[in-house]
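Visitor: According to the working numbering, the sequence shown is numbered sequentially starting from 16.
The beta carbon of each residue, even a glycine, is placed where N, CA and C say it ideally should be.
These numbers were taken from a predicted model, which means no experiment stands behind them.
Take a look at this one; I'll ask things after.
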Amino acid sequence: MANWQRLGEIGLNLPPRRPLSGGQSGTPPVDCPHCHGRGLVLQGEYARRCSCMEQRAVTLRRQAAGLSPALQRQTFAQFELKYYEPDFSEMARRTLRAAREFVRECLEGRSRRGLLFTGPVGSGKTFLASAIANALLEKGHDVLVVVVPDLLEAIRNSFSGGEETSAEIEGRARTAAVLILDDLGAHNYTDWTRNTLYSLLNYRVNYELPTVVTTNLSLEQLEQYLGERTTSRLMQHCRVYRLLVKQDIRRLKASRAGNSPSPDGGA
Numbered sequence: 016m017a018n019w020q021r022l023g024e025i026g027l028n029l030p031p032r033r034p035l036s037g038g039q040s041g042t043p044p045v046d047c048p049h050c051h052g053r054g055l056v057l058q059g060e061y062a063r064r065c066s067c068m069e070q071r072a073v074t075l076r077r078q079a080a081g082l083s084p085a086l087q088r089q090t091f092a093q094f095e096l097k098y099y100e101p102d103f104s105e106m107a108r109r110t111l112r113a114a115r116e117f118v119r120e121c122l123e124g125r126s127r128r129g130l131l132f133t134g135p136v137g138s139g140k141t142f143l144a145s146a147i148a149n150a151l152l153e154k155g156h157d158v159l160v161v162v163v164p165d166l167l168e169a170i171r172n173s174f175s176g177g178e179e180t181s182a183e184i185e186g187r188a189r190t191a192a193v194l195i196l197d198d199l200g201a202h203n204y205t206d207w208t209r210n211t212l213y214s215l216l217n218y219r220v221n222y223e224l225p226t227v228v229t230t231n232l233s234l235e236q237l238e239q240y241l242g243e244r245t246t247s248r249l250m251q252h253c254r255v256y257r258l259l260v261k262q263d264i265r266r267l268k269a270s271r272a273g274n275s276p277s278p279d280g281g282a
């Protein structure tokens with residue numbers, strides 16, 4: 016019986032059925048029809064881990080990765096090429112293929128370079144980056160997703176005290192198995208922010224840790240905002256793909272659904 020073990024062999028103290036009420040973080044869904052909240056499926060004197068626990072582990076990994084609830088729902092299967100005009104559809108198709116291949120390389124331990132998605136607001140950059148994160152997390156791969164302005168603000172705020180030091184915040188981003196830097200846009204960059212980003216990228220280049228970056232800036236604008244040194248490191252580290260649309264995909268989806276676009280809706 017594959018994946019089944021004798022209760023005596025694994026030394027389990029079998030937990031009782033949980034009452035049908037709210038559970039704590041990390042516990043299995045109490046309404047699971049297979050394990051009834053125990054986390055184990057029983058068959059006579061044998062037991063195996065319930066699939067609901069595996070799904071719960073994925074959910075917890077997504078939360079730890081920094082994915083918002085909206086972005087946790089973004090997958091490759093939901094990336095719809097119909098939103099790209101004929102002039103841009105092949106470009107979008109190539110970018111999707113590159114994202115899928117990046118996931119395969121990471122899972123096989125072959126990935127050394129990252130990806131840089133460029134394009135206007137609402138062109139699908141964050142969506143694809145989130146789909147990469149979700150695909151990796153589903154397979155148990157560690158990912159950290161950070162929005163660049165939020166990361167810089169957290170580091171800056173740590174200088175005034177807080178639960179984490181700047182070294183801890185930067186260290187987590189530097190050493191993540193896969194780092195996704197979302198929204199490397201036209202922000203108010205200072206010498207300090209440029210140096211901070213350079214230090215982060217330089218570390219990941221030197222230690223061959225793959226990074227996915229999204230930006231609405233062109234390559235020329237990146238150099239203008241970040242400086243030649245940081246942009247050069249970014250180009251060395253990432254393969255560049257561009258997504259173009261004539262209309263903001265988020266707005267298109269929202270108008271068809273009769274809603275307002277979500278600020279982190281993943282386009």
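In the DSSP assignment, the alpha helix (DSSP H) including Gln236 goes from what residue to what residue?
Guide: As a first step, residue 236 must be located in the sequence shown, where it is residue number 221. Segment 234-241, the alpha helix (DSSP H) holding Gln236.
Visitor: Give me the Cβ distance between Val162 and Ala192, rounded to the nearest whole Å; I'm assuming they're in contact under 8 Å.
Guide: If you number the sequence shown from 1, residue 162 lands on position 147. If you number the sequence shown from 1, residue 192 lands on position 177. Not really, about 19 Å apart at Cβ, beyond 8 Å.
Visitor: Pair every Cβ in the region 206-219 with every Cβ in the region 177-188, then say whether three or more of these pairs are closer than 8 Å.
Guide: Taking 8 Å as the limit for Cβ pairs, the verdict is that the region 177-188 does touch the region 206-219.
Visitor: Just verifying my parser: in three-state terms, what is the DSSP assignment at Arg257?
Guide: For the purposes of this step, residue 257 is taken as the residue at position 242 of the sequence shown. Strand, per DSSP.
Visitor: Do the CB positions of Leu82 and Leu166 come within less than 9 Å of each other?
Guide: For the purposes of this step, residue 82 is identified with residue 67 of the sequence shown, where counting begins at 1. For the purposes of this step, residue 166 is identified with residue 151 of the sequence shown, where counting begins at 1. Not closer than 9 Å, so no.
Visitor: Give a yes or no on whether the C-beta atoms belonging to Thr226 and His252 are separated by under 9 Å.
Guide: Numbered from its first residue, the sequence shown carries residue 226 at position 211. Numbered from its first residue, the sequence shown carries residue 252 at position 237. Closer than 9 Å, so yes.
Visitor: Between which two residues does the alpha helix (DSSP H) carrying Tyr98 extend?
Guide: Taking the first residue of the sequence shown as 1, we reach residue 98 at position 83. Per DSSP, Tyr98 belongs to no alpha helix (DSSP H) and is neither H nor E.
Visitor: Gln51: buried (16+ other C-beta within 10 angstroms of its C-beta) or exposed?
Guide: Mapped onto the sequence shown, residue 51 falls at position 36. Before going further, note that residue 51 is His rather than Gln in the sequence given. So His51 ends up on the buried side.
Visitor: Indicate the three-state DSSP secondary structure (helix, strand or coil) for Val62 in the structure shown.
Guide: Residue 62 sits at position 47 when you count from the first residue of the sequence shown. Per the sequence presented here, residue 62 reads as Ala, with Val not at that position. In the structure shown, Ala62 sits in a strand (DSSP, three-state: E or B).
Visitor: Kindly indicate which three-state DSSP category Phe174 falls into: helix, strand or coil?
Guide: Here residue 174 is taken as the residue at index 159 of the sequence shown, counted from 1. It is coil, neither helix nor strand.
Visitor: Consult DSSP for Asp46 and reduce its assignment to one of helix, strand or coil.
Guide: On the sequence shown, position 31 is the one that residue 46 refers to. Coil, per DSSP.
Visitor: What is the C-beta distance between Val260 and Pro135, in whole angstroms, given that I count them as a contact (C-beta under 8 Å)?
Guide: To locate residue 260, count along the sequence shown from 1; it is residue 245. To locate residue 135, count along the sequence shown from 1; it is residue 120. Rounded, the Cβ-Cβ distance is 7 Å, consistent with contact.
Visitor: Please state the DSSP three-state secondary structure of Asp165.
Guide: Within the sequence shown, numbered from 1, the residue matching residue 165 stands at position 150. Of the three classes helix, strand and coil, the one that applies to Asp165 here is helix, per DSSP.
Visitor: Determine, using beta carbons only, whether Val255 and Asp197 come nearer to each other than 9 Å.
Guide: Position 240 of the sequence shown, counting from 1, holds the residue named residue 255. Position 182 of the sequence shown, counting from 1, holds the residue named residue 197. Their beta carbons are not under 9 Å apart, which means Val255 does not touch Asp197 by this criterion.
Visitor: Which of helix, strand or coil does DSSP assign to Val220?
Guide: Working through the sequence shown from its first residue, we reach residue 220 at position 205. If DSSP states are grouped into helix, strand and coil, Val220 belongs with the helices.
Visitor: So what's Gly38 in DSSP terms, helix, strand or just coil?
Guide: Residue mapping note: residue 38 aligns to position 23 of the sequence shown, counting from 1. For Gly38, the predicted structure reports a pLDDT of 44, less than 50, and the residue's modelled location is therefore unreliable. A value from the coordinates is still provided. Gly38 falls in the coil class under three-state DSSP.
Visitor: Rounded to whole angstroms, how far is the Cβ of Thr90 from the Cβ of Ala148, which I believe are closer than 8 Å?
Guide: In the sequence shown, counting from the first residue as 1, residue 90 sits at position 75. In the sequence shown, counting from the first residue as 1, residue 148 sits at position 133. Actually they are not in contact, since the Cβ atoms of Thr90 and Ala148 sit about 10 Å apart, beyond 8 Å.
Visitor: Do you know offhand how far Gln262's Cα is from Gly137's?
Guide: Translated into positions along the sequence shown, residue 262 becomes position 247. Translated into positions along the sequence shown, residue 137 becomes position 122. Distance between the alpha carbons of Gln262 and Gly137: 8 Å.
Visitor: Exposed or buried, what is Ser175 when buried is set at 16 or more other beta-carbons lying within 10 Å of its beta-carbon?
Guide: As a first step, residue 175 must be located in the sequence shown, where it is residue number 160. Under this definition Ser175 is an exposed residue.
Visitor: Using the C-alpha atoms, what's the distance from Leu258 back to Phe99?
Guide: Counted from its first residue, the sequence shown places residue 99 at position 84. Counted from its first residue, the sequence shown places residue 258 at position 243. Strictly speaking, residue 99 in this sequence is Tyr, with Phe absent from that position. C-alpha separation (whole angstroms): 9 Å.
Visitor: Alpha carbons only, please: which of Gly177, Leu194, Trp19 is nearest the one belonging to Arg127?
Guide: As a position in the sequence shown, residue 127 is number 112, starting the count at 1. When only C-alpha atoms are compared, the closest one is Leu194.
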